[in-house]
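Data block below; observations after.
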Amino acid sequence: MRRDFGYFEEDKLGKPYDTRLLRRLLPLVRPYRLLVFVSVLLVSGITVLDLGLPYLTKVAIDRYIVRDVEESRISESGGRIYAVDLETNPEAAQVVDRYPELFERDGSQAMISYQDLSALEESDLKRLRSRDRSGVGFVALVFLAMAAGHFALSFGNVMIMESAGQSIMHDLRRDLYRHIQGLSISFFIRNPVGRLVTRMTSDIQNLHEFFTSIITVVFKDIFLLVGIAVVLVAMNWKLAMICFAVLPVVFVTTFYFSRMARDIFREARIKIAQINTRLQESIDGIRVIQLFFQEERNYEKFRKLNHENYLVGMRQINIFAIFMPIIEILSSATVALVIWYGGLRVLSDTLSLGVLVAFISYMRMFFRPIRDIAEKYNIMQSAMASSERIFQLLDTEEKIPDPPSRDHEGQARAVADPSLLFQRRTIRGWKELKQAHPGAGAIVSFEGVWFGYGDQWILEDVSFTVREGETVAIVGTTGAGKSTLIHLLERFYDPVKGSVRIHGTDLRMVPKTLLRSKMALITQDVFLFADTIRNNILAGNPPVSDERLREIIDGCGLRRLIDGLPAGLDTVLTEGGRTLSSGERQLIAFARALARDPEILILDEATSSVDTQTEHLIQEATVRLMEGRTGIVVAHRLSTIQNADRILTLHKGWIREGIVRTERTV
């Protein structure tokens, strides 16, 4: 085995494959594809409205305010002429009759130079252009209606995508949490909690922003860019080609800065994870920090890490501080080209004023998606960096596998009827069992077990058996491998060589849930959840009656503690039960074990950190727990192992000697 104290967070990921990451993100969207489809439809409607608003401006200018060159007549002097139809516009006919010297009649039409319109009285000018005024008013109403429609569609799109985004993140966080819970203990030993918390919180939040801000925005921006290009070419292809000449520079600039930004976003995710890790470690170890006056030293480490995160953030800001102004300069340069070339065309009456105004609006709108993509690129890069970390964690298969589904010997019987594998016989004592079944009844057996990391072996060819109803004590110096034996029995690890068997069946052939449901482990460091005492005792155990719960509490010496709390069993503990003493936490752990009613009870240094009085209570609870059960006790204290049937001495991974006790202390 390889001893790897590192964490995959710091591994070099190499060249990013965004398309691969995007393909892996698509299955997360698939359950909500209907919402995404509706959002795309709404975005399409929003894009159509966006494209229509500048065109309405062109219509208002060319048709009603200043008529299009193609619709207006040109006088012999080259000036533009305003023409009205006298038959369809009686009000205009009255105005023409009042100013015969300014109008020129041609059948049913009357014409006047745009320059002479200023000679008319204001009231007459309004009557002459009444239809133009009505047309402008109608265009204004349509403009307002389109703006209202734009608001409604945008509101619906935001609500739909937020709903889809929240649902996707809900599913991803749930799946990631389930996956993390299934990883082996060795994974958590090597990987800091703070970094795993970062994966579950800020990294998933980055993906939420990606789904809600990127997916439909990309569709909208692409539709808008293509739509603007089509409209510009349709209005005046020559002017459109001049505008498009700037686009290669825009694309090259975007590509260049995107390559620079990716590595910085990766580094930013690492620094955030490191800050979370440092914070978590500082809080967990605050007693040691204060006890050894390490506040300044610990602060200096955090300050350095925080400053590194600040520098990464500034590098990120610098990139976009350069990139965004470049895009703005290119946008302004393009508008300047439109004004210069289009203005000359308007002055030569080869281009209408409405087309020029619409072109300017469209070009500003054209660069808006580009600026938007540049701004969203921040989110996208951060999301890609986060998705790499999340998928790398999801791809981690460092698990203790359950047996294959096919019918292995022993496994099929265990799954079909667990009592066939775990069948505790009713006995009055281990001596009676030995007399009835001499040399038989082994419930736990280690057969040539080797376990270690790389060239460093912790256990070497360990073999021993524990008979049913027997209590075996394991003693030895620190680091001898005692706790490792327990971890192998609980199947937190699998042996490198050899096997651990229960009732003759290799543990690798027994489902983990079945195996652990028949065992109870009490360790030196008891962990209690931030929940009620009742739930800490009963959670994960079979249901018990109130009467049985009272018996458990009394049997474990918890009555005094429970009666002294204001809410009794329903008192909510702090995280880890830190408001309780070590002894009180141990007693609750014994109650939790007794509520499980295990066949095999394992004590791993369960009394090493308690006072004498609490140890006496624990000893009494241990005697009750051991009745009719198989027990394995790891301990240093003589008082803990005085009732053991056999004592095994473990030294540097070897079983050095075993002492068989002829009688037990009662």
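Under the working numbering, residue 1331 is the last one in the sequence shown; the count climbs by one each step, no gaps. Quick reminder that beta carbons are idealized off the backbone N, C-alpha and C, glycines included.
Give the DSSP bridge partners of LYS791, in chain order.
-> The partner list for LYS791 (beta bridge, DSSP) is empty, contrary to what the question assumes.
For ARG1173, I'd like the list of residues in its chain whose CB is within less than 7 Å of its CB, leaving aside the five on either flank, ordered along the chain.
-> PRO1068 and ASP1159
Alpha carbon to alpha carbon, how far is TRP1115 from GLY859?
-> 33 Å
Range of the contiguous alpha helix (DSSP H) that encloses GLU769 = Note, GLU769: premise wrong, no alpha helix (DSSP H); beta strand (DSSP E) at 769-771.
Can you check whether the CB of VAL911 is closer than 8 Å to the CB of ALA905?
-> no
Take ASP928 as the anchor and find which of VAL731, MET1045, GLY1318 and LEU1268 has the nearest alpha-carbon.
-> MET1045
Would the beta-carbon of ILE637 fall within 8 Å of that of ASN983?
-> With the chain covering 666 to 1331 only, the question about residue 637 has no answer from this structure.
Using a threshold of 8 Å, state whether the C-beta atoms of PHE888 and VAL708 are closer than that.
-> yes
Name the DSSP bridge partner or partners of ARG1166?
-> SER1110 and ASP1171
Check ILE879 in the structure and name its three-state DSSP category.
-> coil
Continuous alpha helix (DSSP H) stretch holding LEU861: start and end = 858-863
Bounding residues of the alpha helix (DSSP H) (the contiguous stretch that carries PHE1129) = Unbroken run through PHE1129 is the beta strand (DSSP E), 1121-1132; no alpha helix (DSSP H).
Decide if SER783 is buried, meaning its Cβ has at least 16 other Cβ atoms within 10 Å, or exposed.
-> exposed
In the DSSP assignment, find the beta strand (DSSP E) that holds GLN1189 and state where it starts and stops.
-> Neither: GLN1189 is in no beta strand (DSSP E) and is coded neither H nor E.
Just how far apart, CA to CA, sit ARG1010 and PHE1056?
-> 57 Å
Option nearest GLY791 by Cα separation, candidates VAL1137, VAL761 and GLY772 = Note that residue 791 is Lys in the sequence shown, not Gly. Among VAL1137, VAL761 and GLY772, the Cα nearest to that of LYS791 belongs to VAL761.
DSSP state of ASP1196 mapped onto helix, strand, coil = coil
Does DSSP put ILE1055 in a helix, a strand or coil?
-> helix
In chain order, what residues of the same chain lie with their CB nearer than 7 Å to the CB of GLY1241, ignoring the 5 residues before and after it?
-> PHE1192 and LEU1193
Endpoints, alpha helix (DSSP H) assigned at VAL749 | Unbroken run through VAL749 is the beta strand (DSSP E), 745-750; no alpha helix (DSSP H).
Under a Cβ-count criterion, where at least 16 other Cβ atoms within 10 Å of its own Cβ denotes burial, should ASP715 be classed as buried or exposed?
-> buried
Reduced DSSP category for VAL1299 - H, G, I as helix; E, B as strand; rest coil | strand
Tell me where the alpha helix (DSSP H) around ARG855 begins and ends.
-> 850-855
Beta-carbon contacts of PHE768 that lie in its chain and below 8 Å, excluding the five residues immediately before and after = VAL761, ALA775, MET776 and ILE777
Coarse secondary structure for GLY1117, derived from DSSP in three states | strand
Which residues in the same chain as ALA926 place their Cβ atom closer than 6 Å to its Cβ, once the five residues preceding and following it in sequence are excluded?
-> ILE984 and GLN1046
Go ahead and pull the three-state DSSP assignment for SER819.
-> helix
Sub-8 Å separation of VAL1299 and ASP1262 beta-carbons = no
Measure the C-alpha to C-alpha separation of LEU693 and SER867 and round it to an integer number of angstroms.
-> 18 Å
Would you say the segment 721-733 touches the segment 1018-1030, given that touching needs at least three Cβ pairs under 8 Å?
-> yes
Name the DSSP bridge partner or partners of GLN939?
-> Answer is none; GLN939 lacks a bridge partner.
Residues near ARG1156 in its chain [Cβ-Cβ closer than 7 Å; skip 5 each side] = ILE1065, LEU1172, LYS1177 and LEU1180
Can you tell me whether HIS1316 is buried or exposed, with buried defined as 16 or more other CB within 10 angstroms of its CB?
-> exposed
Closest residue to SER832 among ILE1187, VAL891, ILE1123 and THR877 (Cα-Cα distance) = THR877
So what does DSSP say about SER1013, is it helix, strand or coil?
-> coil
Which value, in whole angstroms, describes the spacing of the CA atoms of ASN856 and ILE850?
-> 10 Å
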